[in-house]
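Residue numbers (our numbering): 8 to 583.
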Amino acid sequence: MSQLQPSPQGASPPLVSVLVSTCNAARYLPGCLDSLLAQTIADQLEILVIDSGSQQEESAIVRRYQAAHPNIRLLRTERETVYAAWNRGIAMARGRYLTNANTDDRLAPEALERLSGALEADPQAGLAYADALVTSTDNAGFADAFAGSGAVSGCFHWPAFDPALLLRVCFVGPQPLWRRQLHAAHGLFDPSFHSAGDYEFWLRICRHTRFVHLPAVLGLYLERPGSLEHRNARRNQEETARARQRHWDAASGPLPPAHSGFLRRYRLQAFSPDEPAPGRPEVSVIVPTRNRPAQLARALESIAAQTFRNLEVIVVNDGGADVSEVIRTARPGQASVRCISHPRCLGAAAARNSGLRLSRGRHIAYLDDDDIFYPRHLETLLGAARTQQARFVVAQAVQARYGARDGRRLWHRLHPTSPLTLEALLVRNRIPTLAVLHHREALGTAGFFDESLPTHEDWDLWIRMVQNFGAVVMAEATCEFQTRSGPDALTARQRHNFLETMRVVHGRYGHLARDPEAVRRQQRAVERRLEAELFGVMRWVLPVLRPLQSTLRTAASFLSHALLPRLRALAARLRG
Numbered sequence: 008m009s010q011l012q013p014s015p016q017g018a019s020p021p022l023v024s025v026l027v028s029t030c031n032a033a034r035y036l037p038g039c040l041d042s043l044l045a046q047t048i049a050d051q052l053e054i055l056v057i058d059s060g061s062q063q064e065e066s067a068i069v070r071r072y073q074a075a076h077p078n079i080r081l082l083r084t085e086r087e088t089v090y091a092a093w094n095r096g097i098a099m100a101r102g103r104y105l106t107n108a109n110t111d112d113r114l115a116p117e118a119l120e121r122l123s124g125a126l127e128a129d130p131q132a133g134l135a136y137a138d139a140l141v142t143s144t145d146n147a148g149f150a151d152a153f154a155g156s157g158a159v160s161g162c163f164h165w166p167a168f169d170p171a172l173l174l175r176v177c178f179v180g181p182q183p184l185w186r187r188q189l190h191a192a193h194g195l196f197d198p199s200f201h202s203a204g205d206y207e208f209w210l211r212i213c214r215h216t217r218f219v220h221l222p223a224v225l226g227l228y229l230e231r232p233g234s235l236e237h238r239n240a241r242r243n244q245e246e247t248a249r250a251r252q253r254h255w256d257a258a259s260g261p262l263p264p265a266h267s268g269f270l271r272r273y274r275l276q277a278f279s280p281d282e283p284a285p286g287r288p289e290v291s292v293i294v295p296t297r298n299r300p301a302q303l304a305r306a307l308e309s310i311a312a313q314t315f316r317n318l319e320v321i322v323v324n325d326g327g328a329d330v331s332e333v334i335r336t337a338r339p340g341q342a343s344v345r346c347i348s349h350p351r352c353l354g355a356a357a358a359r360n361s362g363l364r365l366s367r368g369r370h371i372a373y374l375d376d377d378d379i380f381y382p383r384h385l386e387t388l389l390g391a392a393r394t395q396q397a398r399f400v401v402a403q404a405v406q407a408r409y410g411a412r413d414g415r416r417l418w419h420r421l422h423p424t425s426p427l428t429l430e431a432l433l434v435r436n437r438i439p440t441l442a443v444l445h446h447r448e449a450l451g452t453a454g455f456f457d458e459s460l461p462t463h464e465d466w467d468l469w470i471r472m473v474q475n476f477g478a479v480v481m482a483e484a485t486c487e488f489q490t491r492s493g494p495d496a497l498t499a500r501q502r503h504n505f506l507e508t509m510r511v512v513h514g515r516y517g518h519l520a521r522d523p524e525a526v527r528r529q530q531r532a533v534e535r536r537l538e539a540e541l542f543g544v545m546r547w548v549l550p551v552l553r554p555l556q557s558t559l560r561t562a563a564s565f566l567s568h569a570l571l572p573r574l575r576a577l578a579a580r581l582r583g
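So this is what it looks like as structure tokens:
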């Protein structure tokens, strides 16, 4: 074993120690080191490279970098697991914080500054994690993701921290940063794991410290079949199940069975159209629900009435009362029905994302619990997707209002989704969620719902879908959504969120327009109208203006018929 070079005598401790385990990854290592040396706090880093018996020239590469960067240290060992290598690095680390840097992943220049800043600002938090882009392009740099090079194939939008949810799926991304002192209190990584040892450690500490999620894209993750994570999918799944079993609280009930929805990464491989899946359904219908059992039953009955039968239903109970009896009673025909429950309300985006991660269908449809499909909805949209080879299909939808007491439909009208162009969609959302059917493969490019948006999360994703795939719009209305009480029903916080998230979406995508200035003018007009509607401006402005109309008309008549002739006569006398 080669000895780790000592740190410079008298050098102050670094802020962050970076653990780089490498084995036969020489072609990725220079890009990894360059990404770390480009960090805005590069002078506060120590980079610990553990060469685990590589047969390639990683050690020689590191020594060349060391000539100019004394904060890089190298240790060469026999072949061992990545977690054994990390443990060696932790034993030598001097930084207040630790992070792992996979040789084939890349960081935004400000990533470690922002992650460490989050923990500096919150002494009670032990780990910070952020969102990441996904690429299948070897050695793509973080800047390539924003250069229109086609390097990006997806995005990880992780949820906010929740220990119970972490037991169901690992939402800590591939590039977290954590406090070194956690290992003194809770031990090192378990070196017997090959691919899920980090997940096991996150589960070990999540009951003792809080994690902080930064809803910002700070990393680039390489999705490649040859990676350690993908070479042995069965072992990865078994290790994930073992980690979960080790930390599952028996009081929480039986441990849910391990399946792809519980894999430690939200891997885009799970969305491959060629993924083998015995008895795989053609369509997965995602149904979020929360404390609306009667409406949920009606929604499920509309799925049961579909003329297209090869489907599965995934009900996501977003922190509400138990719905198992509702599902049992209103079982949608012969369709497979699965239900996942969030321990608390995580919001619409998180609920739909949970459903997506459990889904197996080649196509995805969405149905909120207070909406319904008409019988030919799935058949119609799927037919269009197949005949036109479309990735994103949108139906026309009917908007309806029902009586609160008797449930009778009071009125209805067509909610047109066409004409549907990217320019029009940049201004306002024209697509009801239940009107959409898309290929699951589209998620690999467009990404998931953004869980940082409390509202307009669907609009945000539809823009990305239309940007990448366009849209096939059907002429037929095949579904119906309810309008409950309009803006008057919104709380002050919801009104604020509705306007603020509209501004967020406008700011994100306005640059995609052919004429950004024209689109921005339309966006501002829509924002002003929405602000007036939501905050009641028109309710007090119009009553004041209406009585003034008569007064203004009288004044105008007086000016034109009485005062102006007298003024003209006076002017004539003065000229004479």
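Glycine residues also receive a C-beta, built at the ideal position from the N, C-alpha and C atoms.
Residue i in three-state terms, based on DSSP
| i | result |
| --- | --- |
| Arg536 | helix |
| Arg364 | helix |
| Ser234 | Note on Ser234: pLDDT 48, under 50, position unreliable in the model; the coordinate value appears next. In this structure, Ser234 counts as coil in the three-state DSSP scheme. |
| Val330 | coil |
| Tyr381 | coil |
| Ile310 | helix |
| Ser199 | coil |
| Phe315 | coil |
| Thr336 | helix |
| Gly226 | strand |
| Pro523 | helix |
| His215 | coil |
| Gln589 | Shown here, the chain extends from 8 to 583; a query on residue 589 therefore has no answer. |
| Ile97 | helix |
C-alpha gap between residue i and residue j, whole angstroms
| i | j | result |
| --- | --- | --- |
| Ala311 | Cys213 | 40 Å |
| Tyr104 | Tyr206 | 18 Å |
| His201 | Gly194 | 17 Å |
| Ser156 | His215 | Any reading at Ser156 is ruled out, since the residue's pLDDT is 47, under 50, leaving its predicted position unreliable. |
| Arg121 | Arg186 | 14 Å |
| Arg251 | Trp209 | 11 Å |
| Ala404 | Ser143 | 37 Å |
| Pro423 | Ala135 | 43 Å |
| Ala167 | Pro21 | 29 Å |
| Gly180 | Arg415 | 47 Å |
| Pro572 | Arg536 | 42 Å |
| Thr106 | Ala304 | 47 Å |
| Thr84 | Gly60 | 6 Å |
Where residue i falls, given that 16 or more other Cβ within 10 Å makes a residue buried
| i | result |
| --- | --- |
| Val544 | Below a pLDDT of 50, predicted positions are generally treated as unreliable, and Val544, at 48, falls in that range; the measurement from the model is reported next regardless. Under this definition Val544 is an exposed residue. |
| His446 | buried |
| Thr428 | exposed |
| Trp418 | exposed |
| Asp522 | exposed |
| Ala532 | exposed |
| Pro77 | exposed |
| Asn109 | buried |
| Ser199 | exposed |
| Leu584 | Examination of residue 584 is not possible in this model, given that the chain is present from 8 through 583 alone. |
| Glu332 | exposed |
| Asp329 | exposed |
| Pro130 | exposed |
| Leu229 | buried |
| Ser361 | buried |
| Ser343 | exposed |
| His518 | exposed |
| Asn243 | buried |
| Pro350 | exposed |
Residue nearest to residue i in terms of C-alpha spacing, selected from the options
| i | options | result |
| --- | --- | --- |
| Gln73 | Thr424, Pro37 and Ser59 | Pro37 |
| Pro586 | Ala482, Asn475 and Ala132 | Residue 586 is absent from the model: the chain starts at 8 and stops at 583. |
| Phe149 | Ala132, Ala118, Val294 and Leu388 | Ala118 |
| Arg437 | His419, Leu460 and Asp467 | Asp467 |
| Leu172 | Phe218, Ala402, Trp185 and Leu26 | Phe218 |
| Arg86 | Ile79, Ala67, Asp58 and Gly96 | Asp58 |
| Arg367 | Phe455, Val320, Ser348 and Ala356 | Val320 |
| Gly226 | Arg573, Leu43, Glu487 and Gln313 | Leu43 |
| Thr29 | Thr106, Asp111 and Ser309 | Asp111 |
| Val322 | Arg299, Thr314, Phe315 and Arg316 | Arg299 |
| Pro382 | Glu64, Glu430, Pro572 and Glu487 | Glu487 |
| Ala191 | Gly362, Phe163, Pro116 and Ala98 | Ala98 |
| Ala453 | Val141, Gly133, Ile48 and Gln46 | Val141 |
| Leu174 | Gln188, Pro183, Leu184 and Ala203 | Ala203 |
Closer than 7 Å: residue i CB and nearest the ligand GTP heavy atom
| i | result |
| --- | --- |
| Ile48 | This structure simply doesn't include the ligand GTP, nor any ligand for that matter. |
Completely contained beta strand (DSSP E) runs for the region 31-95, where each covers 3 or more residues: Correct list: 52-59 and 79-84.
Counting only runs of 4+ residues fully inside the region 430-491, write out the alpha helix (DSSP H) ranges in chain order. Whole alpha helix (DSSP H) segments, 4+ residues: 449-453 and 464-476.
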